[in-house]
Each structure stands twice: as structure tokens, then as C-alpha cells.
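Below is one structure; the comments refer to it alone.
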């Protein structure tokens with residue numbers, strides 16, 4: 004039997020609960036049904052709002068437990084938790100105390116994956132870094148699987164994977180809470196306050212991220228951002244080898260930026276990439292490249308790295324050029340769901356911008372964003388739940404002067420875009436970089452970004 008067979012055969016004669024029937028858990032439910040396992044799917048969505056795919060799972064034998072009380076009165080032997088559901092939710096704690104094993108689709112994948120895994124986490128840059136690692140390995144000729152928070156779920160594809168394949172995963176703090184596995188290569192791009200609407204505090208958030216490397220062995224590799232105080236502090240806790248990347252200093256072993264060139268330092272120092280070769284704008288993307296270069300190591304040649312750098316145009320919703328109209332360029336940076344991510348976007352341009360910002364409030368501090376907006380923005384258009392907090396941070400910034408930037412409010416998201424267009428003059432740049440999630444107005448940042456692009460294209 005394959006690892007996948009063994010894993011699911013061991014679940015037979017157990018009562019299995021799947022909490023949350025979103026995209027990542029649906030292949031899991033199909034696998035459970037394929038192996039003849041008793042599975043109940045629990046989801047907050049009421050029956051009349053379910054899509055056809057979930058109803059098809061029910062027709063195949065899954066039991067549905069739906070609506071506001073979907074977590075009440077549950078009993079089971081094995082519980083697969085959706086990442087967005089805190090593992091210390093009272094009902095999950097009750098299940099655990101009752102003897103149930105609490106796990107997840109991603110834990111199952113780590114248990115059955117036959118190939119070495121490169122996994123990336125961080126507050127910012129993890130999607131671009133994961134994609135870059137995948138692109139570099141593919142260009143070098145490897146068979147690559149990209150998944151986790153990005154791409155499609157991989158659990159039901161594990162039987163197709165070979166030991167010499169490369170698996171690249173983007174992992175969030177929600178997926179990593181109480182996570183019992185670590186990958187062969189762990190990459191932490193940076194850490195700053197994030198998702199404090201879900202995590203109890205910053206300590207819990209950082210602790211979750213640390214699971215990416217705390218279960219490694221001496222044969223494994225940890226890649227850290229030397230310039231980020233939180234990630235640099237992980238060096239002393241690492242179980243395996245550590246390599247660091249930096250644009251401010253020269254790590255003892257790792258990758259660094261000097262005089263516009265990315266260098267790799269080990270037994271010797273070698274030139275890898277000119278910063279000017281990187282098509283993606285912004286110094287944060289230089290950091291993403293440095294992390295990716297360390298992750299692929301000697302598997303990818305400098306020639307291949309340079310080839311990818313000159314051609315890779317980035318990931319959708321990440322400082323994505325939508326169009327130029329009447330001399331105005333419009334950029335979609337909807338992925339910027341935190342102040343640090345928006346700061347990185349603002350710093351990517353050499354001119355002052357027209358910024359559309361504001362979104363769902365996840366209770367992170369906006370004070371660091373205020374001075375950056377003053378420095379990089381000429382017109383600030385605020386929309387969404389966090390608009391007052393962003394405005395307060397700008398007005399309190401030491402470098403703020405009345406009217407610089409001009410601050411405008413427009414609650415309607417679509418009208419905010421049209422207001423930006425009316426405000427803009429030839430040569431201007433308009434960027435959507437919200438500094439908050441989309442949940443106050445849209446299902447997720449992808450929907451928000453697509454609506455932005457659709458509106459811009461209709462101008």
C-alpha cells in the first residue's frame with residue numbers, strides 16, 4: 004500500500020468530523036468517502052447557501068451538520084480542523100478532552116507526502132517567495148508541486164508524487180497552530196503583528212509560526228531574515244542548519260545584497276544576481292528573491308535564477324499593473340492585508356502615489372503606516388472599516404503637514420476607485436493597497452482585487 008492508503012485505512016471504523024467544507028477540505032472529504040469512512044461535514048453555511056459541490060458530497064454519503072450551531076453537540080474520534088477555526092474554540096477543546104484526535108488536511112499531507120517539502124511562512128512575501136521557489140525549480144527541470152495557501156490542495160495528489168519531486172508549500176499561522184511536523188527546508192520571510200483578530204496575542208502568532216522549524220532534525224535547513232529581529236532570534240532555537248538573507252548586513256552563511264548585487268556566501272562568495280535584473284518592483288521583492296535563492300540552493304544555477312528574474316512578472320494581486328489610461332497607471336495590490344505589506348508596496352515606487360486603502364479590522368497597529376503614507380502618498384482615499392484608524396495614524400505622524408497628503412473618504416469601494424481616477428493626472432500612479440483584509444466588503448482579497456481590476460478596466 005502507498006502512504007496515502009495506509010493513512011486512510013487507519014481511519015476505518017472511526018467517526019471522522021471535517022470542520023469547514025471550504026476548498027482545501029473538499030478533496031479530503033472525497034478521499035474519506037472513497038475509503039468507506041464515516042464522515043460528517045460541519046459548516047456554518049446554511050443549507051440554502053451551499054454550492055453544488057458540497058451537496059454532491061452529501062449525495063456520496065457525507066453527513067452534513069450546518070448553520071450557526073454547527074459545532075454544538077459534536078462527537079467523533081478524529082477531527083479535521085479548517086485553518087480559520089481556532090484550535091482552542093470551546094467545542095474543539097471539548098472534543099479533544101473527550102479523546103478525539105484533532106488534526107488537519109495539511110497535517111495529513113505531511114504524513115503521506117513521499118517527497119521532501121520546502122515550506123514558506125511569514126507575515127509578508129510568502130506567496131511570492133513560494134511562487135519564486137517553484138518557478139526556479141521548474142525552470143531548472145524539476146517536477147514541482149505548489150500548494151498550501153496557494154494553488155490547489157495536494158492531499159489527493161500525493162499518490163502521483165515521486166520521491167525526487169519537489170513540493171513547495173505556503174503555510175499560514177492558522178495552519179501551523181499546534182502543527183506537529185516541519186519540512187525539510189523551512190523559510191520564514193519576516194514577522195510583524197498580523198491576524199491579531201484571530202490569535203490571542205502576538206506571542207501566540209509567533210509561536211504558531213515557529214512550528215515550521217521546531218520539529219526539524221539536524222539534517223534539515225532553516226532559512227531566516229537576518230534583518231527582522233523576531234526571525235533572527237530563531238537562530239538559537241534551530242534544530243538543523245541555518246542560512247540567513249540580508250540586505251543590510253553580510254550573514255556568516257547565506258545571501259546578502261551589496262552595491263546592487265545579490266551575493267551567496269558559504270565556503271566562498273559568489274555573485275548570483277544583479278538587482279537590476281529583477282523584473283518585480285520593490286526592495287521587498289529583492290528579499291523574496293534572496294529567500295528563494297537560499298531555498299533552492301545548489302539545485303538551481305545562477306544562470307537559471309537570472310533567466311527567471313528577467314521574465315517573472317509576479318503573482319496576481321501583488322503590485323499587479325492593471326492598465327495605463329490617459330497617462331495614469333493603475334496597480335492592484337489587494338494582497339496587502341497588513342500595514343507592513345502596504346508599506347512595502349508604497350516603497351516600491353519612486354514617486355508619490357494616489358493610494359486607496361482601508362479594509363476589515365484585524366486589530367493590528369497602524370501607527371507605523373502613518374509616516375510612510377505621508378512620505379509616499381499625495382492623495383489618500385480611505386474606504387472600509389479601518390479608514391478612521393488609518394487616518395488617525397497619518398494625522399499623528401511626526402512628518403504630517405496639513406493637506407499633505409490630501410485625505411478623502413468614500414465608503415463605497417467602487418466609487419473610491421472612480422474618485423481616484425477623477426483625482427489622477429497624467430503621470431500619476433493609482434494603487435489599491437488596503438492594509439487590511441477584504442472581509443468587511445468581500446469574501447477575500449482575490450475577489451476584492453478582481454473587482455478593482457474590473458472597475459479600472461471599465462473606466
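In the numbering used here, the protein residues as written are 4 to 462. Ideal Cβ placement from N, Cα and C applies to all residues, glycine included. Computed from a prediction, not measured in an experiment: that's the story for all the values here.
Using a Cβ distance threshold of 8 Å, residue 382 and residue 127 do not count as a contacting pair.
From the listed residues 439, 369, 377, the smallest Cα separation to residue 355 is found for 377. In this chain, residue 161 is not harboured by any beta strand (DSSP E), its DSSP state being neither H nor E. Between the region 98-107 and the region 147-159, the count of Cβ pairs shorter than 8 Å is below three; the stretches do not touch.
Around the beta carbon of residue 296, a 10 Å sphere encloses 16 or more other beta carbons of the protein chains shown; the residue is thus reported as buried.
For residue 113, the closest C-alpha among the options 154, 145, 138, 158 is that of 158.
Rounded to the nearest whole angstrom, the CA to CA distance from residue 299 to residue 58 is 42 Å.
A direct Cα-Cα distance of roughly 5 Å separates residue 115 from residue 6. When the five nearest sequence neighbours on each side are left out, the beta carbons in the same chain lying within less than 6 Å of the beta carbon of residue 396 are those of 369, 370, 372, 373, in order along the chain.
C-alpha of residue 398 to C-alpha of residue 416: approximately 23 Å in a straight line. Taking a cut-off of 8 Å for Cβ pairs, the region 168-188 and the region 73-91 touch, as three or more such pairs fall below it. Here residue 247 carries a strand assignment [DSSP, helix/strand/coil]. Pairing residue 217 with residue 186, the inter-Cα distance amounts to about 10 Å. For residue 260, DSSP records a beta bridge to 265. Judged by DSSP in its simplified three-state form, residue 132 adopts helix. Put simply, of 319, 261, 39, 454 the residue whose alpha carbon is nearest the alpha carbon of residue 251 is 261. Under DSSP, residue 327 forms a beta bridge with 332. Judged by DSSP in its simplified three-state form, residue 127 adopts coil rather than helix or strand. Contact check for residue 235 against residue 225 fails: the beta carbons are separated by 8 Å or more. A Cβ-Cβ contact shorter than 8 Å links residue 135 with residue 292. Residue 280 and residue 249 do not touch by the CB rule: their CB atoms are close to 19 Å apart, not below 8 Å.
In the DSSP assignment, residue 151 falls within the beta strand (DSSP E) that extends over 147-151. Contact between residue 42 and residue 32 holds: CB atoms are separated by about 6 Å, below the 8 Å threshold. Within its own chain, the residues whose Cβ lies closer than 6 Å to the Cβ of residue 79, once the five positions on either side in sequence are excluded, are 18, 20, 103, listed in chain order. For residue 173, the three-state secondary structure derived from DSSP is strand. Take residue 442, set aside five residues on each side of it, and the residues of its chain with a beta-carbon closer than 6 Å to its own are 363, in chain order.
With respect to the C-alpha of residue 426, the residue from 233, 333, 454, 348 having the closest C-alpha is 333. Excluding the 5 residues flanking it on each side, residue 387 has same chain C-beta neighbours closer than 6 Å at 361, 362, 443, in chain order. The secondary-structure analysis by DSSP pairs residue 84 across a beta bridge with 22. Counting only the Cα atoms, residue 276 lies some 6 Å from residue 309. In this chain, residue 218 is not harboured by any beta strand (DSSP E), its DSSP state being neither H nor E. Taking C-beta atoms as the reference points, residue 212 and residue 176 count as a pair closer than 8 Å.
In this structure, the beta-carbon distance from residue 411 to residue 422 falls below 8 Å. In this structure, residue 73 keeps its C-beta atom at 8 Å or more from the C-beta atom of residue 96. About 6 Å separates the Cβ atoms of residue 77 and residue 94, confirming a contact at the 8 Å cut-off.
Secondary structure note for residue 98: its alpha helix (DSSP H) is the uninterrupted segment 93-100.
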